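*Asks:* One structure, pasted below without further comment.
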Amino acid sequence: MAVTIVIGAQWGDEGKGKIIDCLADSSDLIVRFHGGNNAGHTVVNKFGKFPMHLIPSGVFNQKAKAIIGNGVILDLEVLENEIKMLEKAGVKLNGRLYISPRCHVIMPYHKLLDRLYEQAKGKGKTGTTGKGIGPTYADKVSYNGIRLADFLDKATFKSKLAGQLLIKNKILIALGEKPLKAELVEKELYRCFNKIRPFVKEVLPLLLDASSNGSRILAEGAHGMFLDNDWGTYPFVTASNVLASAITAGSGIPPQKIKRVIGIAKAYTTRVGQGPFPTELFDNNGEILVEKGNEYGTTTGRRRRPGWFDTELIRFTAKINGLTDIALTKLDVLDEFKEIKICTGYKLGGRKVHYEDGDVNFLSKVKPVYKRLSGWRTSTRGITRLNDLPLNAKKYISEIEKQIGVKISFISTGEDRKEIIKV
Ligand code: GDP
Ligand code: IMO
Ligand code: MG
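In numbering that gives the first Met the number 0, the protein residues as written are 0 to 422.
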């Protein structure tokens, strides 16, 4: 059958976990293909509430296989804890969770280096999650990475670790840190790896079989379009490609199998960390979005920066990902506003400009053009039928759809799996 990809259409935290959990029930296989535990995807369903960092959020459909593809980078301790958390909640993983041996491992020195680079940059820091993501991907592309496959043979692992520590310890010492001891690093990592080992298996045959035998594959993107390393607001981005097309490199699924690309967009905008944000709000409206939307990071607990919905951004996401559908989330968070603004485009020096016209300096200067809409001032929480939405909420959704030119197929009205309108 077909592959459906779900990607974040903004700066992350759009509610991907929630939507993936909903879609997983009609999927046979769910795969993650990039990023690491900088991702924090919240799932709320009959099993409880879970912050998912590495294992696909669709894992709660126990009839489906859950796969961590080669593009994902792994903090073994976080993975071990996530496995424990799910098993404790009654989610069975044996025989249905598979982890690619090609996944790169986040080493203790990567986490230290992440912090040290940020410190050194001072005011110009990226505002990373501090999970070692940038340094791990940097080692991957510069042929210095250590993969799960290396752990399968201890001699290989020891020799690679020794080689890396030779370089990394010099850098750590130069930056005022203590050097790492190989034996301790090895002991701690193998303690976690031994728990994970039963799930490590080449996943390509499984994925290729599934993509040609009629199985329904759901691919879970992490982060958001504007954190993409190439097309996001560089250098205020993450280290992986967030684009839907990253699925090919990050899992091995051939591009022509992709039939549906769903962009998840919050009914307003948020961003964590530094970087330009044209519709950012610094007033009481922003406060309402943060408090009502509980906009605090799933991974780091940091306050997310709030702003109005920006159609210029989502049009760009639609354009370069070939979005077939949009899932609009957190509509209920807008319930109490008297007036809601939608950004319809940007202007600079009186001229219409587009996201792709410039870099971060350009984006920090553009002026959003707003359309004002009346709010609905009544609760939409938990509504499951389009017709039950207040008229002004329907108008808001139609305006977004018109501005972007992509169908809104799902509207989320609460954090629980059940709180969704399928249009
Ligand atoms: P992700 O990283 O894209 O999976 O999103 P996060 O889980 O980091 O952040 C989204 C937050 O919004 C989580 O706390 C979700 O439980 C919550 N959420 C998702 N959809 C809705 C919704 O429609 N309404 C409300 N009120 N909360 C939602
Ligand atoms: P999910 O999947 C929000 C941001 C960080 C920082 C930048 C680089 O939950 O939507 P990194 O640690 O990746 O080197 O940090 O990217 N970032 C996210 N922001 N949600 C995420 O993931 C993010 N993943 C990375 O805040 O600005
Ligand atoms: Mg998140």
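Every residue, glycine too, gets a C-beta built ideally from N, C-alpha and C.
Quick caveat: nothing in here was measured; it's all calculated off a predicted structure.
When you measure from the CB of Phe450 to every non-hydrogen atom of ligand 2, does any distance come out below 7 angstroms?
*Replies:* Residue 450 lies beyond the residue range present for the chain, which begins at 0 and ends at 422; the question has no answer from this structure.
*Asks:* Rounded C-beta distance between Gly507 and Asp149? I'm assuming under 8 angstroms.
*Replies:* Past the boundaries of the shown model lies residue 507; the chain is included only from 0 to 422, so the question cannot be answered.
*Asks:* With C-beta atoms as the reference, is Lys17 less than 8 angstroms away from Gly220?
*Replies:* no
*Asks:* Leaving aside the five residues before and after Ile407 along the sequence, list all residues of the same chain whose C-beta is less than 8 angstroms from its C-beta, in chain order.
*Replies:* Asp324, Ile325, Ala326, Leu327, Ile396, Ile399, Glu400 and Val422
*Asks:* The beta strand (DSSP E) spanning Ile319 covers which residue range?
*Replies:* Element bounds for Ile319: not the beta strand (DSSP E) but the alpha helix (DSSP H), Thr310 to Asn320.
*Asks:* According to DSSP, Phe409 sits in a beta bridge with which residue or residues?
*Replies:* DSSP, once it has assigned bridges, lists Ala326 and Lys421 as partnering Phe409.
*Asks:* By DSSP, does Cys342 sit in helix, in strand, or in coil?
*Replies:* strand
*Asks:* Can you name the start and end residues of the alpha helix (DSSP H) that Ile403 belongs to?
*Replies:* Leu390 to Ile403
*Asks:* Terminal residues of the continuous alpha helix (DSSP H) containing Thr135?
*Replies:* Per DSSP, Thr135 belongs to the alpha helix (DSSP H) from Ile132 to Val140.
*Asks:* Is any heavy atom in ligand 3 found nearer than 7 angstroms to the beta carbon of Asp12?
*Replies:* yes
*Asks:* Around the C-beta of Tyr354, are 16 or more other C-beta atoms found within 10 angstroms, so that it is buried, or is it exposed?
*Replies:* buried
*Asks:* Say the cut is 7 angstroms; is the CB of His52 nearer than that to a heavy atom of ligand 3?
*Replies:* no
*Asks:* CB Arg303 to CB Val289, shorter than 8 angstroms?
*Replies:* yes
*Asks:* Could you say if the stretch 42-53 and the stretch 245-253 meet the contact criterion of at least three C-beta pairs nearer than 8 angstroms?
*Replies:* The stretch 42-53, when compared against the stretch 245-253, does not touch it at the 8 angstroms Cβ threshold.
*Asks:* Under 8 angstroms between the Cβ atoms of Thr232 and Gly274?
*Replies:* yes
*Asks:* Keeping to the same chain, check which residues put their C-beta closer than 6 angstroms to that of Lys167; ignore five residues upstream and five downstream.
*Replies:* Tyr108
*Asks:* Looking at the secondary structure, which residues open and close the beta strand (DSSP E) in which Ser373 lies?
*Replies:* First-last of the beta strand (DSSP E) with Ser373: Lys366 to Ser373.
*Asks:* Our contact map puts Arg31 next to Pro100 with C-beta atoms below 8 angstroms; I'd like the distance itself, whole angstroms only.
*Replies:* No, Arg31 and Pro100 are not in contact; Cβ-Cβ is about 15 angstroms, not under 8 angstroms.
*Asks:* On the DSSP bridge assignment, give the partners of Phe49 in chain order.
*Replies:* Val42
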